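If you're matching them up, the sequences are chains A and B in order. Residues 1 to 97 (my numbering) make up the first sequence, in order. Residues 1 to 366 (my numbering) make up the second sequence, in order. A virtual CB, placed ideally from N, CA and C, is assigned to each residue, including glycine. As the structure is a prediction and not an experimental result, all values here were calculated from the model. Remarks on the structure that follows.
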Amino acid sequence: MKLRYLKNVSTLRLSIEKCSGCRRCAEVCPHRVFSINEKKAQIEDKDRCMECGACAKNCPENAITVNAGVGCAAAVIIGWLTGSEPSCDCSSAKECC
Amino acid sequence: MSNKLKMINDNSCCCPADNCCRTEPITPYDKNEQWVTGEIDTPKGYVPVVSTNLHFKDTLGAWKVRWGLGRMNYKISPGLYAVGKPDHTSPVLVSANFKLTFDALRKELSGLDCWILILDTKGINVWCAAGKGTFGTDELVGRISKTGLSGIVSHRKLVLPQLGAPGVSAYEVTRQTGFSVVYGPVRAKDIKAFLDSGFKATEEMRTVKFTMWDRLVLTPVELVSVARSSLVVFGVLFLLNLFATKPFGLADFIAYSGAVVTGTVITPLLLPLIPGRAFSWKGWLLGLLWTLGFTWFNGWFAPGFLLLAIGYLLVLPSLSAYLAMNFTGSSTYTSFSGVIKEMKIAVPLMALSAAAGIVLLLINSL
């Protein structure tokens with residue numbers, strides 16, 4: 001009973017040639033998207049990625065890019081209505097957003 | 001004589017030069033707060049010691065936050081706090097100044113001696129604040145220097161919650177402050193095991209979950225917020241009733257409320273059991289089941305009621321779909337790109353369907 005979101009949407013990209021194998025991405029990813037093989041990171045399952053941006057933010061070699069943002073429909077609607085970037089301004093009680 | 005007296009006074013008030021003078025505490029706090037149990041002296045000033053037990057007031061506060069009552073301002077002062085009797089070798093745990101977050105952390109720390117460095121996240125939890133960037137590199141670097149942390153601990157290691165990683169660049173923090181960053185477990189309940197094992201987190205500790213209980217506690221706040229906006233809907237229906245030939249009544253109220261509960265509570269609870277992936281689809285499906293069931297129960301699939309039945313079948317599942325779609329913001333696994341993709345398809349469909357249904361309902365009742 002795994003929770004999975006839409007397929008083939010994540011903007012996650014990894015440049016293996018830049019990777020130094022520091023394992024930081026695998027450490028911070030909340031959905032275990034990365035694995036480390038022969039001192040190089042690899043994307044294990046891209047469809048598990050929620051684009052939180054933790055990996056890219058913590059990659060010292062800038063080997064990872066992802067269009068990080070909030071996966072929150074209410075934020076997107078407010079963004080559309082106000083013409084601003086969607087941001088998590090709604091509530092502090094929620095686990096996310 | 002006066003000089004001599006002054007000297008004596010100075011001596012009596014002051015301690016040795018390097019940790020001189022009991023001036024401002026490092027972290028301002030309200031002395032009446034039950035969760036502060038005392039103060040601990042450090043070379044940089046006094047630090048409040050916090051309890052690892054939750055009192056009735058904390059539980060009540062959490063309950064109010066979960067139900068959306070005054071939740072926007074549930075926070076504590078950023079700064080340094082102590083648990084137990086920490087010294088210069090004790091670990092430093094970093095967290096957010098949302099009181100719910102702080103309580104969740106401190107209740108797991110009984111028997112430990114450690115420091116808690118609280119960042120100013122404007123009363124937002126770690127993960128969301130990291131997404132916004134307020135639980136971020138700059139705030140952490142600034143808070144380390146404001147609290148004088150490097151004069152309080154002799155080691156150079158910070159334990160951050162793993163979910164703070166979207167906002168904090170570990171290598172950048174190290175470059176700017178000399179402190180290395182270790183990402184701890186996702187959940188506060190694993191902190192002890194993490195510290196005991198020498199800062200090792202298992203795969204399980206590193207994985208975000210979204211259990212039925214996790215989902216359940218998030219639903220009241222949504223329900224309360226929708227109930228508030230529903231007052232507008234009820235107001236409009238009341239006005240319509242003044243000159244409607246078939247006024248809206250209890251059955252309509254139940255049909256509507258059922259669709260709201262389906263979208264805000266039932267869909268989130270049954271999330272993994274409902275076929276499909278898009279939240280709006282899941283909500284629409286359950287909303288359709290609810291509407292079909294209720295319409296059938298009321299015998300609205302009969303000539304004379306068909307307009308009403310079709311109207312509701314167009315409006316209510318769309319309403320449930322919309323409310324379920326908004327649960328993406330509470331979920332722990334939806335991506336921005338995915339939500340955009342879902343919305344580009346779902347929002348126009350929901351709007352068209354709801355608009356058509358409202359027209360039919362109006363024709364029916366007026």
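Beta-bridge pairing of residue i - partner residues as DSSP gives them
i     : result
B:V45 : Strictly speaking, residue 45 of chain B in this sequence is Gly, with Val absent from that position. Answer is B:T42, bridged to B:G45.
B:E36 : First, the amino acid is wrong: residue 36 of chain B is Val here, not Glu. The partner list for B:V36 (beta bridge, DSSP) reads B:V50.
B:K75 : B:F98
B:L93 : B:I116, B:V159
B:T27 : Bridge partners of B:T27: none, in fact.
B:L80 : B:L117
A:L14 : A:I64
Start-to-end residues for the alpha helix (DSSP H) that takes in residue i
i      : result
B:V159 : It is not in any alpha helix (DSSP H) - B:V159 instead sits in the beta strand (DSSP E) that spans 157 to 160.
B:W296 : 279 to 297
B:F336 : 336 to 365
B:F253 : 250 to 261
A:K57  : 54 to 57
B:I144 : 137 to 147
B:I310 : 306 to 326
B:L60  : 56 to 66
A:A75  : 73 to 82
B:P380 : Past the edges of chain B, shown from 1 to 366, lies residue 380 of chain B, and the structure says nothing about it.
A:R24  : 24 to 28
B:P268 : 267 to 270
B:T174 : 170 to 177
B:W127 : 126 to 132
Below-8 angstroms beta-carbon distance, residue i vs any chain A residue
i      : result
B:A165 : yes
B:C21  : Only weak support exists for where B:C21 lies, its pLDDT of 48 falling under 50; the value from the coordinates is given anyway. Answer no: the Cβ-Cβ gap between B:C21 and chain A never drops below 8 angstroms.
B:L271 : yes
B:F336 : yes
B:I340 : yes
B:F210 : yes
B:A356 : no
B:K132 : yes
B:N97  : no
B:M325 : yes
B:S197 : no
B:M205 : no
B:G151 : no
Spatial distance of residue i from residue j (CA atoms)
i      : j      : result
B:C114 : B:A201 : 18 angstroms
B:L319 : B:A259 : 7 angstroms
B:F253 : A:A73  : 26 angstroms
B:L271 : B:T264 : 11 angstroms
B:C13  : B:R187 : At B:C13 the pLDDT is 42, less than 50, meaning the model places this residue with poor confidence; the figure from the coordinates comes in the next sentence. Near 44 angstroms, if we compare the C-alpha coordinates of B:R187 and B:C13.
B:L93  : A:R32  : 23 angstroms
B:Q34  : B:E203 : 36 angstroms
B:T27  : B:G338 : 42 angstroms
B:F336 : A:Y5   : 11 angstroms
B:V224 : B:V65  : 11 angstroms
A:E17  : B:G311 : 58 angstroms
A:K2   : B:G198 : 31 angstroms
A:V9   : A:D47  : 7 angstroms
A:W80  : B:K344 : 12 angstroms
B:P16  : B:P43  : Reliability of the predicted coordinates at B:P16 is poor, the pLDDT of 45 falling under 50, and the value obtained from them is presented with this limitation in mind. Using only the alpha carbons, I get a separation of about 10 angstroms.
A:G83  : B:S90  : 47 angstroms
B:L140 : B:V173 : 8 angstroms
B:S77  : B:R106 : 15 angstroms
B:W281 : B:T262 : 13 angstroms
B:W290 : B:A251 : 13 angstroms
A:G53  : B:L360 : 46 angstroms
B:S51  : B:D58  : 11 angstroms
B:G329 : B:F294 : 29 angstroms
A:C19  : B:P220 : 44 angstroms
B:G287 : B:L349 : 15 angstroms
A:K39  : A:E61  : 14 angstroms
B:D103 : B:S169 : 25 angstroms
CB contact below 8 angstroms: residue i versus chain B
i      : result
A:L14  : no
A:L81  : no
A:N37  : no
A:R23  : no
A:K57  : yes
A:C49  : yes
A:A124 : Coverage of chain A is limited to positions 1 through 97, which leaves residue 124 of chain A absent and any answer about it impossible.
A:N67  : yes
A:A74  : yes
A:S87  : yes
Residue i, enclosing beta strand (DSSP E) - first and last residue
i      : result
B:V182 : 180 to 183
A:S35  : 34 to 37
A:I43  : 40 to 43
Note to self: Could you tell me which whole alpha helix (DSSP H) segments of length 4 or greater appear in the segment 187 to 232 of chain B?
What the structure shows: 191 to 196, 203 to 206
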